[in-house]
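Since the structure comes first, as structure tokens, the remarks are kept for the end.
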Amino acid sequence: MPAPGSGAPAAALRPLAERAQAPATLAAPAGAGGLSWRELGQDDVVALGGLVQRIEEADDPPYRTSPDEVAEYYDASHYWSAMGGWDAEGILRAFGFVRIQRGDLTVLRAFCSGGVDPAWRQHGIGGALIDWQVGRARQMFVETGVEAPARIVVHVDEGMDAMARLLTERGFSPRRWYMEMRRDLSKPIPEVSLDTHLSVVPWSAELDDAIRRAHNKAFGEQWDAQPHTPETWQQGRTHFVPAWSFVALDRSTDRAQVAGYLISGRYEQDWPALGWTEGYTEMIGVLPEWRGRHVASALLTRAMRAYADDGMEYAGLDVDTDNPTGAPLLFAHLGYERMRGSAMYTIEI
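In this text, residue positions in the sequence shown follow UniProt numbering: the first is 1, and each later residue adds one.
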């Protein structure tokens, strides 16, 4: 998930402080729904978790955000800023987050997320929150001190037409499209043969940093890719399953080389909303010199068997529909079927 679509090289761009057009001051979403607004902090994590739960129960997306995932909103690996709207009874009714990963160097990305309590919609709160997020993202770009192209990002699930309209009205454009796919594990899983010196082995902590370096090489030239540091590589592992994760090694030389890797997660909180159990492939990558040698197929089928052995009904993953490696075709060939889609909306700076 073509060469990075970040526009001109950073050296050819005007200073970010000029491009960002950051507001000197930024007021809370004034007048939105009659709520009282203040910054959200880590002390608000329980109230935030309750609001997220109410939103997801009403909207019924095919996932649920766990308390641990809500706590990760505040992770120190990101520059973050958050605003919450509270009603007269002290109940959190709306929130907006802006998060920039500290490891971003070649393209700064401000990821915006948020929501409004179902009982408080149709009062202009959502649009006011987006306006605040855009302004805050522009300020945060300047605050990082990094000179690079910048991008304000909102992910929109399929069917969220009202959100797409709000974003378009504010200068966002759809840039990338993604699809969620699943593979029925009750169907036969094919055998995949590899060259003699290639083998698929279980993930291990000893191999993890070599996997990180391989990931940076495998995805380094793809759109929106950012290199992982040892610190950023460890982030977001709340649902990581080592027993479902694998590495393809090439032992044709004295020192084994990572040819590919697959990282899996177990999102049990999503299963009731999905209607099935699944092992989820978080990442799969094959280094350029090993592509076209069935490494990805071997990793995927090994993971399928691990999922099935643990009683999972499906294997799941998501993919950029413009993936230059032809991954969507490979997944379809292995029996994966499209379930739903999403889009990335951005403002490029």
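Just so it is clear, CB atoms sit at the ideal spot from N, CA and C, and this is done for glycine as well.
Where the alpha helix (DSSP H) through A19 begins and ends | Here the question's residue 19 lines up with position 19 in the sequence shown. Note on identity: in this sequence residue 19 is Arg, with Ala being the wrong assignment. Element bounds for R19: 16-19.
Beta-carbon proximity check, L330 vs A248, cutoff 7 Å | Residue 330 sits at position 330 when you count from the first residue of the sequence shown. Residue 248 sits at position 248 when you count from the first residue of the sequence shown. Cβ atoms of L330 and A248: not closer than 7 Å.
Buried versus exposed, by CB contacts within 10 Å (16 or more), Q234 = Stepping through the sequence shown from its first residue, residue 234 is reached at position 234. The residue is exposed, with fewer than 16 neighbouring Cβ atoms inside 10 Å.
Grab me the residues of A259's own chain with a C-beta within less than 7 Å of its C-beta, minus the 5 sequence neighbours each way, in chain order.
-> On the sequence shown, residue 259 is found 259 positions in, with the first residue counted as 1. Result list for A259: L198, A248, L249, D250, V286, L287, W290, V295, in chain order.
Cβ distance (whole Å) where A327 is taken to contact Q139 below 8 Å | Position 327 of the sequence shown holds residue 327. Position 139 of the sequence shown holds residue 139. The pair is not a contact, with the Cβ atoms about 37 Å apart (cut-off 8 Å).
Best match in A306, G311, G341 for proximity to D320 [C-alpha to C-alpha] | Walking along the sequence shown from the start, residue 320 turns up at place 320. Closest by alpha carbon: G341.
Every unbroken beta strand (DSSP E) inside the region 137-213 [3 residues or more] | 150-157, 173-184, 198-202
Using three-state DSSP, classify E348 as helix, strand or coil.
-> In the sequence shown, counting from the first residue as 1, residue 348 sits at position 348. Three-state DSSP puts E348 in a strand.
Quick one: residues in its chain with C-beta nearer than 8 Å to the C-beta of V241, no 5 flanking neighbours on either side, listed in chain order?
-> Along the sequence shown, read from residue 1 onward, the residue named residue 241 stands at position 241. Correct list, in chain order: S264, G265, R266, G279.
If you run the structure through DSSP and keep just helix, strand and coil, what is W37?
-> For the purposes of this step, residue 37 is taken as the residue at position 37 of the sequence shown. DSSP places W37 in strand when its eight states are reduced to three.
V70 vs V98 beta-carbon contact at 7 Å = Here residue 70 refers to the residue found at position 70 of the sequence shown. Here residue 98 refers to the residue found at position 98 of the sequence shown. Cβ atoms of V70 and V98: not closer than 7 Å.
Assuming G85 contacts L35 (C-beta within less than 8 Å), just tell me the rounded distance between them.
-> On the sequence shown, position 85 is the one that residue 85 refers to. On the sequence shown, position 35 is the one that residue 35 refers to. Contact flag correct, Cβ pair sits at about 3 Å.
For T107, which option in A332, T65, Q226, P202 has the closest C-alpha, if you only look at C-alpha atoms?
-> Along the sequence shown, read from residue 1 onward, the residue named residue 107 stands at position 107. For the record, residue 107 in the displayed sequence is Val; it is not Thr. When each option's Cα is compared against that of V107, the closest is Q226.
Neighbour-count burial assignment, A119, 16 or more Cβ in a 10 Å radius | Numbered from 1 along the sequence shown, position 119 holds the residue referred to as residue 119. Exposed, by the Cβ-count rule.
In chain order, what residues of the same chain have a beta carbon less than 8 Å from the beta carbon of S77, not counting five sequence neighbours either side?
-> Residue mapping note: residue 77 aligns to position 77 of the sequence shown, counting from 1. Correct list, in chain order: Q101, R102, G103, E231, T232, Q235.
Outcome for E206 when other beta-carbon atoms lying within 10 angstroms are tallied against a minimum of 16 | In the sequence shown, counting from the first residue as 1, residue 206 sits at position 206. With fewer than 16 Cβ atoms within 10 Å of its Cβ, E206 is classed as exposed.
Contact between the region 215-226 and the region 160-168: three or more CB pairs below 8 Å?
-> no
R38 to M83 span [Cα, whole Å] | Against the sequence shown, residue 38 aligns to sequence position 38. Against the sequence shown, residue 83 aligns to sequence position 83. Straight-line Cα distance between these residues: approximately 6 Å.
Between which two residues does the beta strand (DSSP E) containing D250 stretch?
-> In the sequence shown, the residue the question calls residue 250 occupies position 250. That run of the beta strand (DSSP E) goes 246-250.
For L108, does the three-state DSSP call read helix, strand or coil?
-> Position 108 of the sequence shown, counted from the first residue, corresponds to residue 108. Correct three-state label for L108: strand.
Hey, out of F246, D157, W177, whose CA is closest to R212's CA?
-> Along the sequence shown, read from residue 1 onward, the residue named residue 212 stands at position 212. When each option's Cα is compared against that of R212, the closest is F246.
What residue does the alpha helix (DSSP H) around E57 start on, and which one ends it?
-> To locate residue 57, count along the sequence shown from 1; it is residue 57. Taken as a continuous stretch (DSSP letters only), the alpha helix (DSSP H) holding E57 covers 45-59.
Bridge partner(s) assigned by DSSP for A343 = Indexing the sequence shown from 1 puts residue 343 at position 343. V156, W177, per the DSSP bridge assignment.
Alpha carbon to alpha carbon, what distance is there between V153 and V134?
-> One-based indexing of the sequence shown puts residue 134 at position 134. One-based indexing of the sequence shown puts residue 153 at position 153. Spanning the two alpha carbons is a distance of roughly 9 Å.
Contact under 7 Å by Cβ, Y314 with L194 = Start at 1 with the first residue of the sequence shown, and residue 314 comes out as number 314. Start at 1 with the first residue of the sequence shown, and residue 194 comes out as number 194. Not in contact: Y314 and L194 (Cβ atoms no closer than 7 Å).
Can you check whether the CB of I284 is closer than 7 Å to the CB of A20?
-> Sequence index remark: in the sequence shown, residue 20 carries index 20 (1-based). Sequence index remark: in the sequence shown, residue 284 carries index 284 (1-based). No; because the gap between Cβ atoms is not below 7 Å, this pair is not in contact.
Based on the DSSP secondary-structure assignment, which residues constitute the bridge partners of E282?
-> Counted from its first residue, the sequence shown places residue 282 at position 282. Its beta-bridge partners do not exist; DSSP assigns none.
Just how far apart, CA to CA, sit G114 and R302?
-> As a working note, residue 114 is residue 114 in the sequence shown. As a working note, residue 302 is residue 302 in the sequence shown. Roughly 37 Å between the two C-alpha positions.
So, is D59 buried or exposed, given that buried needs 16 or more other C-beta atoms within 10 angstroms?
-> One-based indexing of the sequence shown puts residue 59 at position 59. Exposed: under 16 other Cβ atoms inside 10 Å.
Per DSSP, what kind of secondary structure is M312 in: helix, strand or coil?
-> Position 312 of the sequence shown, counted from the start, is the residue given in the question as residue 312. Three-state result, M312: coil.
Compute the distance between the beta-carbons of D270 and Y79, then report whether it is under 7 Å.
-> Residue 270 sits at position 270 when you count from the first residue of the sequence shown. Residue 79 sits at position 79 when you count from the first residue of the sequence shown. Not in contact: D270 and Y79 (Cβ atoms no closer than 7 Å).
Pairwise C-alpha distance: A28 and S274 = As a first step, residue 274 must be located in the sequence shown, where it is residue number 274. As a first step, residue 28 must be located in the sequence shown, where it is residue number 28. The amino acid at residue 274 is misidentified as Ser; the sequence shows Leu. Cα to Cα, the separation comes out at about 36 Å.
Could you have a look at E221 and say whether DSSP puts it in helix, strand or coil?
-> What you label residue 221 is simply residue 221 of the sequence shown in a count that begins at 1. Three-state result, E221: coil.
For Y336, name the three-state secondary structure that DSSP assigns.
-> Within the sequence shown, numbered from 1, the residue matching residue 336 stands at position 336. Residue state, collapsed to three classes: coil.
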